[in-house]
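Have a look at the structure below before the remarks.
Residue numbers (the numbering used here): 255 to 536.
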């Protein structure tokens with residue numbers, strides 16, 4: 255099987271002639287882009303790209319794959335348009351946590367809008383806890399966010415381990431309170447970080463609180479402290495603390511789609527996101 259995610263990644267690398275630029279355009283890690291291309295080459299049993307530290311070139315089989323990949327992706331889009339219907343109308347009030355908005359989600363939403371131009375899409379970006387409150391209050395129709403692992407109130411997409419993250423080379427000082435960088439309540443990652451520290455008798459101090467992912471990233475890059483993120487969504491420039499850091503395991507988090515009524519355009523957007531879930535967590 256030729257996974258359309260691999261094909262889309264390959265076409266982006268072929269167009270940009272760079273794994274780095276392809277990763278930036280797709281909102282993926284460079285290692286994920288390399289993995290997608292490698293899986294496509296394994297599936298076809300052919301080398302599609304010639305790459306070294308300075309350049310990326312297409313092999314003859316790679317040139318042929320451009321045509322096949324474009325045709326396959328076009329056929330998939332036509333099939334989706336046929337079965338979901340371009341006449342789909344209505345409004346979707348969609349909420350997503352910021353972790354996704356800085357990644358490939360905007361491209362997925364752009365593709366959805368192209369397939370369903372008559373659907374009005376309203377996007378709300380906030381903490382997962384806030385989004386679920388808005389969903390319960392009837393202010394949103396569909397939410398893509400985090401929940402504690404094992405919470406079955408929504409439709410699970412995947413489960414990810416939570417990890418301690420900081421600037422490359424940063425380690426907490428032994429014997430000192432853990433300097434914590436966190437979202438404000440009702441952040442799930444904040445709650446899990448504090449619970450794990452409290453349960454293990456680790457003192458802490460909040461050195462930065464920000465409702466913005468970029469704010470947390472900036473504080474961590476400045477070396478102010480450590481934060482907890484899902485392993486698949488660690489912000490660029492930050493790194494998981496190496497083994498032996500002495501901090502307790504913050505557990506796992508579940509990513510899921512939650513809706514009040516999965517009908518019409520809401521159901522169509524839910525299925526589009528579910529079909530591209532592999533792109534969202536690389």
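Cβ atoms here follow ideal geometry from the backbone N, Cα and C, with glycine treated the same way. Model, not experiment: these values are computed from the prediction.
Whole-number beta carbon distance between residue j and residue i, since they are thought to touch under 8 Å
| i | j | result |
| --- | --- | --- |
| residue 414 | residue 350 | Residue 414 to residue 350, Cβ: 16 Å. No contact. |
| residue 541 | residue 416 | Residue numbering for the chain in the displayed model covers 255 to 536; residue 541 lies beyond these limits and cannot be assessed. |
| residue 528 | residue 411 | 7 Å |
| residue 515 | residue 482 | With a Cβ gap of about 33 Å, residue 515 and residue 482 do not count as contacting. |
| residue 344 | residue 373 | 6 Å |
| residue 429 | residue 495 | Contact doesn't hold; Cβ gap of about 17 Å is too wide. |
| residue 297 | residue 342 | With 8 Å as the limit, residue 297 and residue 342 do not qualify as a contact, their Cβ atoms being about 33 Å apart. |
Beta carbon of residue i nearer than 9 Å to that of residue j
| i | j | result |
| --- | --- | --- |
| residue 360 | residue 281 | yes |
| residue 334 | residue 513 | no |
| residue 308 | residue 426 | no |
| residue 422 | residue 491 | yes |
| residue 501 | residue 460 | no |
| residue 487 | residue 354 | yes |
| residue 371 | residue 327 | no |
| residue 537 | residue 480 | The structure shown does not extend to residue 537, since the chain spans only 255 to 536, so no value can be given for it. |
| residue 304 | residue 291 | no |
| residue 369 | residue 331 | yes |
| residue 319 | residue 300 | yes |
| residue 348 | residue 398 | yes |
| residue 526 | residue 337 | no |
| residue 497 | residue 356 | no |
Close Cβ partners of residue i (< 6 Å) along its chain, the five nearest in sequence each way excluded
| i | result |
| --- | --- |
| residue 352 | 379 and 467 |
| residue 294 | 260 and 264 |
| residue 586 | Residue 586 cannot be examined here, being either before or after the span of the chain that is shown, 255 to 536. |
| residue 362 | 530 |
| residue 325 | none |
| residue 445 | none |
| residue 493 | 422 |
Proximal residues to residue i (C-beta, below 7 Å), its chain only, five neighbours per side dropped
| i | result |
| --- | --- |
| residue 323 | 261, 264 and 265 |
| residue 451 | 432, 458 and 502 |
| residue 520 | 346, 395, 396 and 513 |
| residue 478 | 433, 435, 461 and 462 |
| residue 276 | 263, 266, 267, 270 and 287 |
| residue 506 | 403, 413, 414, 415 and 416 |
| residue 517 | none |
Sequence-distant residues of its chain with Cβ nearer than 8 Å to residue i (five each side left out)
| i | result |
| --- | --- |
| residue 591 | As shown, the chain starts at 255 and ends at 536. That puts residue 591 outside it, with no answer to give. |
| residue 315 | 298, 300, 301 and 302 |
| residue 278 | none |
| residue 454 | 502 |
| residue 476 | 421 |
beta-carbon residue i near the ligand COA non-hydrogen atom, thresh 8 Å
| i | result |
| --- | --- |
| residue 276 | Annotation note on the ligand COA: not contained in the displayed structure, which lists no ligands. |
Sequence ranges, alpha helix (DSSP H) only - wholly within the stretch 292-366, length at least 4: Under the rule that a run must span 4 or more residues, the alpha helix (DSSP H) segments found entirely inside the stretch 292-366 read 314-338 and 352-355.
Examine the Cβ distances between the stretch 438-449 and the stretch 379-388 and report whether three or more of them are shorter than 8 Å. Under the 8 Å Cβ criterion, the stretch 438-449 counts as touching the stretch 379-388, having at least three qualifying pairs.
Quick one: complete beta strand (DSSP E) runs, 3+ long, within the stretch 479-528? Here the runs fully enclosed are 481-484, 492-494 and 506-513.
For the stretch 422-466, which segments carrying the beta strand (DSSP E) assignment without a break, of at least 3 residues, lie completely within its bounds, in sequence order? The stretch 422-466 contains, as complete beta strand (DSSP E) runs of 3+ residues, the segments 432-436 and 458-463 (chain order).
At 3 residues or longer, and completely inside the stretch 369-395: list those beta strand (DSSP E) runs for me, N to C. 373-379
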